[in-house]
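Listed in order, the protein sequences are those of chains Z and S. Residues in the first sequence are numbered from 284 upward in steps of one, following this note's numbering. Residues in the second sequence are numbered from 210 upward in steps of one, following this note's numbering. Structure first, commentary second.
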Amino acid sequence: MAYSDKVVDHYNNPRNVGSFTKDTPGVGTGLVGAPECGDVMKLQIKVNLETGVIEDAKFKTFGCGSAIASSSLATEWLKGKTVDEAAKIKNTDIVNELKLPPVKIHCSVLAEDAIKAALADYKDKHGAQAEAGATTK
Amino acid sequence: MALKFPIFMDSQSTTPADPRVVEAMLPYFTEKFGHPASRNHPFGWEAEAAVDRAREQLAALIGARDPKELVFTSGGTEAINLAIKGVAEMYREKGNHIVTTVIEQRAGLDVCKRLERQGFQVTYVPVQADGLVDVEEIRKAITDKTILISVMFANNEVGTIQDIAAIGKLAKEKGIIFHTDATQAVGKIPVSVEAMGIDLLSCTAHLIYGPKGVGALYVRRKSPRVRISPLFDGGGHERGMRPGTLPVPLIVGFGKAAEIARTSMDEEAARLRTLRDRLQDKILSSVDEAFLNGHPERRLPHNLNISFAYVEGESVLMGLNKESALSSGSACTSSTLEPSYVISALGASAELAHSSIRFSLHRFSTEEEVDFVAAKTIEVVKRLRDMSPLYELAKEGVDLKSIQWKAE
Numbered sequence: 284m285a286y287s288d289k290v291v292d293h294y295n296n297p298r299n300v301g302s303f304t305k306d307t308p309g310v311g312t313g314l315v316g317a318p319e320c321g322d323v324m325k326l327q328i329k330v331n332l333e334t335g336v337i338e339d340a341k342f343k344t345f346g347c348g349s350a351i352a353s354s355s356l357a358t359e360w361l362k363g364k365t366v367d368e369a370a371k372i373k374n375t376d377i378v379n380e381l382k383l384p385p386v387k388i389h390c391s392v393l394a395e396d397a398i399k400a401a402l403a404d405y406k407d408k409h410g411a412q413a414e415a416g417a418t419t420k
Numbered sequence: 210m211a212l213k214f215p216i217f218m219d220s221q222s223t224t225p226a227d228p229r230v231v232e233a234m235l236p237y238f239t240e241k242f243g244h245p246a247s248r249n250h251p252f253g254w255e256a257e258a259a260v261d262r263a264r265e266q267l268a269a270l271i272g273a274r275d276p277k278e279l280v281f282t283s284g285g286t287e288a289i290n291l292a293i294k295g296v297a298e299m300y301r302e303k304g305n306h307i308v309t310t311v312i313e314q315r316a317g318l319d320v321c322k323r324l325e326r327q328g329f330q331v332t333y334v335p336v337q338a339d340g341l342v343d344v345e346e347i348r349k350a351i352t353d354k355t356i357l358i359s360v361m362f363a364n365n366e367v368g369t370i371q372d373i374a375a376i377g378k379l380a381k382e383k384g385i386i387f388h389t390d391a392t393q394a395v396g397k398i399p400v401s402v403e404a405m406g407i408d409l410l411s412c413t414a415h416l417i418y419g420p421k422g423v424g425a426l427y428v429r430r431k432s433p434r435v436r437i438s439p440l441f442d443g444g445g446h447e448r449g450m451r452p453g454t455l456p457v458p459l460i461v462g463f464g465k466a467a468e469i470a471r472t473s474m475d476e477e478a479a480r481l482r483t484l485r486d487r488l489q490d491k492i493l494s495s496v497d498e499a500f501l502n503g504h505p506e507r508r509l510p511h512n513l514n515i516s517f518a519y520v521e522g523e524s525v526l527m528g529l530n531k532e533s534a535l536s537s538g539s540a541c542t543s544s545t546l547e548p549s550y551v552i553s554a555l556g557a558s559a560e561l562a563h564s565s566i567r568f569s570l571h572r573f574s575t576e577e578e579v580d581f582v583a584a585k586t587i588e589v590v591k592r593l594r595d596m597s598p599l600y601e602l603a604k605e606g607v608d609l610k611s612i613q614w615k616a617e
């Protein structure tokens, strides 16, 4: 199976690889997938508590090239979005952008799950501020 | 010698035809195009002589008493189908039980699954962590209804070589027909149907530097005389076991490939073993938590299978595939979305099955290629581990099994 140029580019030059310390204020962490399924994504966001804007995002992924590319792309898209805007990223957007074939759609689903998990974790930890941030925009 | 890219290290999926094989085949496409069953003119005689010669070459390679014991097929898959289904149909009155292993090639497993749907009973004997089948497990699985034991000679993924002679002896003792799928072993390591008590043996040309599209089934004629039903009906070719016009050029190529394999096997196996060990040492000495799959000694000289913990196999291949061709047991490289059932059968975790990479060397592999692939593999695995959340967790001392994973 040949890969799309965009998948190859993200694989060769993954954006935003790394980790934030989990308990840093503003950080939300999502860890999804399972090692026995061959895919695990850790996606983190760092939200400005004043504005509710995602200022930085990082990922680490165990998985195939398409899984790496999906999570790398997700971090790119997350940066600069508000928490509410981020919640609207759909796996189909990732599929279209990376031209993923049908057998790789689960990689995009996992990336969407990772975004949702990171957002949920952020909201769990920063309930009051998250609401406050949301009202300032 | 300068490296030529891409480097092929996937010889257990197929091999390039040896130029000497192609040369031997060419006349049989054009001037020597006769039908070997044309009994009444020189074109036929010439073609029949060529097929007979190939049969002799192949018989010599597998230690068969009589070249007539070889039936040409379209390849290994057909040979395996013919062997198992052929015995099942022919001996159905005698019994309906087959003993095989969990690590057979897909063809062997799928034939058995079909037979199960048709009322046969199949026992899939497990393997040990090194990929070896315990012959006693086979003995225990045998019932008074067992008509066939089918065990692969050497595994296509991890290269483990079974104790075929011991299984042959057991089969003889119990009066049960013994088939071995030797597609990965023939031409690579010594195989002798006589010395090892093999009744049926499947092999294929394209794994021994011959053409794709031709294989053979050895069918024992004496002590015992094995009979099999054909898969399909037609003009009675191959003693009725495999009707259809023989692909003479392919068969000639198969014969030539068998002859080259027989005369060069010892030297080639020794050379490939040295190269393989070099590749293995380089990788295992540089990468932590990399595990050799299969048996450390009893394995094909050209095979190396390693699981790299915390990185997924397809992503490793993706980092290598610009310069080199390898294969992985990862689900992402299979059509079934399941990780390698072979690696899983060795008792490895599913995660390690997803992380397995197979390196398979061949007649034209060089030391420079081995050194390049070793260095590149080490580099790619390190890079992927730097972006692996599992590696990070493991390095933090977290037991991955303690995490509640949320699978899709």
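Yeah, the Cβ is synthetic: ideal placement off N, Cα and C, and Gly gets one too. As the structure is a computational prediction, the values presented were derived from the model and not from experiment.
Hey, out of the options, whose CA is closest to residue i's CA?
i, options, result
"S/D343", "S/K354, S/D353 and S/I370", "S/I370"
"S/E477", "S/L509, S/G449 and S/V457", "S/L509"
"S/L279", "S/A583, S/M450, S/A338 and S/H511", "S/M450"
"S/L484", "S/G377, S/L602, S/F581 and S/N530", "S/F581"
"S/A467", "S/A499, S/P420 and S/Q489", "S/P420"
"Z/I337", "Z/L314, Z/K362 and Z/I372", "Z/K362"
"Z/C390", "Z/P308, Z/N299, Z/T375 and Z/V330", "Z/T375"
"Z/A394", "Z/F303, Z/K406, Z/H293 and Z/K325", "Z/K325"
"S/A375", "S/A404, S/D339, S/G538 and S/E265", "S/A404"
"Z/T343", "Z/N331, Z/L332 and Z/T358", "Checking the displayed sequence, the identity of residue 343 of chain Z turns out to be Lys instead of Thr. Minimum Cα distance to Z/K343 is reached at Z/T358."
"S/E265", "S/R482, S/F441 and S/R471", "S/R471"
"Z/P297", "Z/D407, Z/K399, Z/S349 and Z/A401", "Z/S349"
"S/C321", "S/K381, S/Q314 and S/V331", "S/V331"
"S/I469", "S/V231, S/A211 and S/S222", "S/V231"
Roughly how many whole angstroms lie between the Cα atoms of residue i and residue j?
i, j, result
"S/D219", "S/A518", "21 angstroms"
"S/R592", "Z/W360", "23 angstroms"
"S/K277", "S/A425", "12 angstroms"
"Z/K420", "S/L561", "At Z/K420, the pLDDT of 39 sits below 50, so the modelled position is not reliable; the number obtained from the coordinates is stated separately. Cα to Cα, the separation comes out at about 47 angstroms."
"Z/A417", "S/H563", "Since pLDDT at Z/A417 reaches only 49, below the 50 mark, its modelled position is unreliable, and no value is offered."
"S/Q327", "S/E298", "11 angstroms"
"S/F329", "S/A292", "15 angstroms"
"Z/H409", "Z/A340", "17 angstroms"
"S/S533", "S/F217", "6 angstroms"
"Z/G301", "Z/G311", "14 angstroms"
"S/K615", "S/L318", "32 angstroms"
"S/S283", "S/H415", "11 angstroms"
"S/T392", "Z/G321", "30 angstroms"
"S/E346", "S/P505", "21 angstroms"
"S/T224", "S/L493", "26 angstroms"
"S/V457", "S/P245", "8 angstroms"
"S/K213", "Z/L381", "31 angstroms"
"S/V402", "S/P215", "37 angstroms"
"S/A559", "S/P251", "59 angstroms"
"S/H511", "S/G384", "35 angstroms"
"S/V296", "S/D408", "11 angstroms"
"S/R572", "S/K604", "41 angstroms"
"Z/Y294", "Z/I351", "6 angstroms"
"Z/D404", "Z/D292", "30 angstroms"
Less than 8 angstroms between the beta carbons of residue i and residue j, yes or no?
i, j, result
"S/V428", "S/I417", "no"
"S/H388", "S/I356", "no"
"Z/A397", "Z/G313", "yes"
"S/K241", "S/E257", "no"
"S/C412", "S/A269", "no"
"Z/F345", "S/V520", "yes"
Within the present structure, is the beta-carbon of residue i separated from the nearest heavy atom of the ligand MN by less than 7 angstroms?
i, result
"S/K213", "Absent from the structure shown: the ligand MN. Ligands present: none."
Only counting runs of 3 or more residues, tell me where the beta strand (DSSP E) segments fall wholly within the segment 504-537 of chain S, in order along the chain.
512-517
Please give the ranges of any beta strand (DSSP E) in the segment 246-295 of chain S, keeping only runs that are unbroken, at least 3 residues long and fully inside the region.
279-282
Give, in chain order, every residue of the segment 306-334 of chain Z whose Cβ lies closer than 8 angstroms to some Cβ of chain S.
L314, V315, G316, A317, P318, E319, C320, G321, D322, V323, M324 and K325
Would you list, in chain order, the members of the segment 522-545 of chain S that have their beta-carbon closer than 7 angstroms to a beta-carbon of chain Z?
E523, S524, M527, S539, A540 and C541
The segment 599-616 of chain S: positions lying closer than 7 angstroms to chain Z by Cβ
L599, E601, L609, W614, K615 and A616
Just by C-beta distance, which residues in the segment 289-315 of chain S are closer than 8 angstroms to chain Z?
For the segment 289-315 of chain S, there are no residues whose beta carbon sits under 8 angstroms from a beta carbon of chain Z.
May I ask you to list, following chain order, the residues of the segment 334-353 of chain Z that have a beta carbon less than 7 angstroms from some beta carbon of chain S?
Result list: K343, T344, F345, G346, C347, G348 and I351.
Selection of the segment 554-566 of chain S by Cβ proximity to chain Z, strictly under 8 angstroms
S558, A559, E560 and H563
Check each residue of the segment 425-454 of chain S: if its Cβ is closer than 7 angstroms to any Cβ of chain Z, include it; give the result in chain order.
none
Would you list, in chain order, the members of the segment 505-523 of chain S that have their beta-carbon closer than 9 angstroms to a beta-carbon of chain Z?
Flagged, chain order: Y519, V520, E521, G522 and E523.
Chain Z contacts from the segment 224-245 of chain S (Cβ-Cβ distance under 7 angstroms)
none
Return the residues of the segment 294-306 of chain Z that lie within a Cβ-Cβ distance of less than 8 angstroms from chain S, sorted by chain order.
Y294, P297, V300 and S302
Return the chain-ordered ranges of every beta strand (DSSP E) run that is complete within the segment 295-342 of chain S and spans a minimum of 3 residues.
306-310 and 330-334
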